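What follows is a single structure, written as C-alpha cells, with notes after it.
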Amino acid sequence: MAIILPRAGSPVDIYSKLRSSSTNSHTRRQNWSNSCSLYNGSKYACVGFEPENNRNFSVWSSLVATPTEEELSISSEKKVYDVVLKQAALVKRKARSIVDLDVRPDLVLPGTEPVLKEAYDRCGQVCGEYAKTFYLGTLLMTPERRRAIWAIYVWCRRTDELVDGPNASHITPSALDRWEARLEDVFAGRPYDMFDAALSDTVARFPVDIQPFRDMIEGMRLDLRKSRYDNFDELYLYCYYVAGTVGLMSVPVMGIAPESKATTECVYNAGLALGIANQLTNILRDVGEDARRGRIYLPRDELAQAGLSEEDIFNGKVTDRWRSFMKNQIKRARMFFQEAENGVTELSKASRWPVWASLLLYRQILDEIEANDYNNFTKRAYVSKAKKILALPVAYGRSLLNPVSHKQTTLAKV
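Going by UniProt numbering, the residue at position 180 of the sequence shown is 180; the numbering climbs one at a time, nothing skipped.
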C-alpha cells in the first residue's frame, strides 16, 4: 500500500540530515474479483461529466512516457496490469509456504548484523520525523516488515527530494540516470551508503520487483520536462509513476493475510489505487501552490469542458464553474480511495493499521477542500491534529477485521 510523501517544495532538506547522520556513528470469497471494479471496467466515462455528453475518457494511462505508435495500440490499462501481474508472479514464485509471505532471516551475513541494525534504525528515524502518523502505525508490524517499510520509505523520499527538494534546480536528467544506476546496484547487493544497505537487505528478504522503483525515477524525469497534462490519461501516468508505484513496492513487504480469498493481483490493484488516490488528493489540495510554481496538473481537456482556462487558475478566483469542476475531481479521487479500501483488509493483520490510517486521513483532505468552499488557491486543506487523533482508533478498529467479516459487513450496508 502507498506511503504518503510530501510533494512539491518541501522546506526541509532531507539530504543535509542524511549526510549528517551518515557521518556520525550514532527504515474471499467468490466474486471478490468484482470488487476490482476499476480494472474490470477497462474504461468509463470521465467521472463528473454527464452521460449525455457521450464522451469516454481513459481511466488508466500508458506506462510509457513517450509511447511509440505500436505502444499506443496497446490499451493503457493492459500496460498497468502487466506491471501488477509481474509483481504478483514474483510473489508467488518466492513464497515458500502458505504462511503470509514469509521472510528470509537467514540472509544476514556474519558480522553484518550490527551495520544493518544501524542502517534500519536510521531509516526509522527519518520515517518518524517526516511521517509521524504512518510511523506510529508501522510499530504494530512485525520487526522485519517494519524495518523494510522504513527502508522503502527513505528511498522514496530521497528520490522525491531530487526534484522537489531545495536542491531541485540543480538536478538534471543525467543525475536521475546516475540515481537509477545506483538503484540497480542496490538490487544487485552493492549498496553505496547505510540507507542503500537497508533497502538492499529488504529486497533480498522480500519478493520486491525493481520495476516500480524504476518507474518512480521515470516520474521524476517527467517532473523535469513536463508542467501540463492534456488529459487524465497523461495525469494518471504521472500519478502511477510518483505514487502508485509505492503501493506496488509496499504490498510484498506488508504481506497478504493467509485467510484472504482475494487474488494476489486484486490486492496489488488496491495498493496501486491507494497511491493514485493519494496523489490526486495532493494535486487537488495544492492547486494554488503549484500554479505559483508554474505548474498545472489538472487535465486541460476537462478544464476546457468545464469552461475554465489556465488563466482562471492563475487568477485564483473561486467561481461556480470552479466549484462544479472541483466536485467532479473530488468524486473521482474518492472512487480510487474506495477501490483501495476494498483491498486493505486483505493485508496481513499486523500491517493494516498504518494503511488504514493513511487512507482515512488522506481522504479527509478532500472533505477539508469542500469545507473551504473549494478554495484551493489561497487556502491549504489540512486535517487537524484532533481529527488525526480521532482517526487512529478508527483505523485500528478496522485493521482488526478479518477479510471475510469485513466483506460481509460491507455487503450488509449496501
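Even for Gly, the Cβ is constructed at its ideal location relative to N, Cα and C.
Computed from a predicted model, the values in this text were never measured in an experiment.
Taking DSSP's pairing of strands, which residues face Ile210 in a bridge?
Note: Ile210 sits in no beta bridge, so no partner.
Close-in-space but distant-in-sequence residues of the same chain around Ala291 (CB under 8 angstroms, 5 per side omitted)
Ile313, Phe314, Gly316 and Phe377
Please state whether DSSP places residue 417 in a helix, a strand or coil.
This structure gives no information on residue 417, because the portion of the chain shown stretches from 1 to 414.
Reduced DSSP secondary structure (H/G/I, E/B, other) of Ile256:
strand
Compare the beta carbon distance of Val159 and Met194 with 8 angstroms and say whether it is the shorter of the two.
The amino acid at residue 159 is misidentified as Val; the sequence shows Thr. Not closer than 8 angstroms, so no.
When we look at the beta-carbon of Ala270 and count the other beta-carbons within 10 Å, is it buried (16 or more) or exposed?
buried
Cβ-Cβ separation, Ala148 to Asp253 (assumed contact under 8 angstroms), whole Å:
The question names Asp, but residue 253 in the sequence shown is Val. That pair is a contact at about 4 angstroms.
With 16 other Cβ atoms within 10 Å as the buried cut-off, status of Asn278:
buried
Pick from Tyr362, Ser399, Gly288 and Leu136 that is closest to Ala257, judged by C-alpha positions
Ser399
Take Ala168 as the anchor and find which of Arg225, Ala131 and Leu284 has the nearest alpha-carbon.
Arg225
Tyr396 (DSSP reduced to helix, strand or coil):
helix
How many Å lie between Tyr374 and Trp322 at the Cα?
8 angstroms
Does the segment 233-245 come close enough to the segment 141-155 that 3 or more CB-CB pairs lie under 8 angstroms?
no
Measure the alpha-carbon distance for Asp196 versus Ala204 and round it to whole angstroms.
12 angstroms
Candidates Leu272, Ala381, Trp179 and Val355: which alpha carbon is nearest Leu392's?
Val355
Nearest-angstrom Cα distance between Thr263 and Lys92?
11 angstroms
Can you check which of these residues, Arg363, Ala386 and Ala357, is closest to Leu140 by C-alpha distance?
Ala357
Please name the residue in Thr133, Thr202, Arg145 and Asn372 whose C-alpha comes closest to that of Ala386.
Thr133
Can you give the beta carbon distance from Val344 to Arg352, rounded, assuming they're within the 8 angstroms contact cut?
6 angstroms
Just mark Arg285 as buried or exposed, buried being the case when its beta carbon has 16 or more other beta carbons within 10 Å.
buried
Coil, strand or helix - Leu347 by DSSP:
strand
Rounded to whole angstroms, what's the CA-CA distance from residue 419 to Ala88? Just pull it up for me.
Shown here, the chain extends from 1 to 414; a query on residue 419 therefore has no answer.
Report the rounded CA-to-CA distance for Arg55 versus His170, giving the unit in angstroms.
Its pLDDT being 36, under 50, Arg55 is placed unreliably in this model, and the value from its coordinates should be taken loosely. C-alpha separation (whole angstroms): 42 angstroms.
CB of Leu162 within 8 angstroms of CB of Met249, strictly
no
Where Ile365 falls, given that 16 or more other Cβ within 10 Å makes a residue buried
buried
As a quick exercise: from Asp201, Ala175 and Leu136, pick the residue whose alpha carbon is nearest that of Ser187.
According to the sequence as given, residue 187 is Phe; it is not Ser. When only C-alpha atoms are compared, the closest one is Asp201.
So, for Ala395: in the same chain, excluding its five sequence neighbours on each side, which residues have a beta-carbon less than 7 angstroms away from its beta-carbon?
Trp353, Trp356, Ala357 and Leu360
Considering Cα atoms alone, identify which of Leu116, Leu90 and Val267 is closest to Ala340.
Val267
Please classify Asn342: is it buried, with 16 or more other beta-carbons within 10 angstroms of its beta-carbon, or exposed?
buried
Are there 16 or more other CB atoms within 10 angstroms of the CB of Ile389, so buried, or fewer, so exposed?
exposed
Would you mind stating whether Pro212 and Leu90 have Cβ atoms separated by less than 8 angstroms?
no
By the 10 Å Cβ neighbour count, where 16 or more other Cβ atoms means buried, how is Gly397 classified, buried or exposed?
exposed
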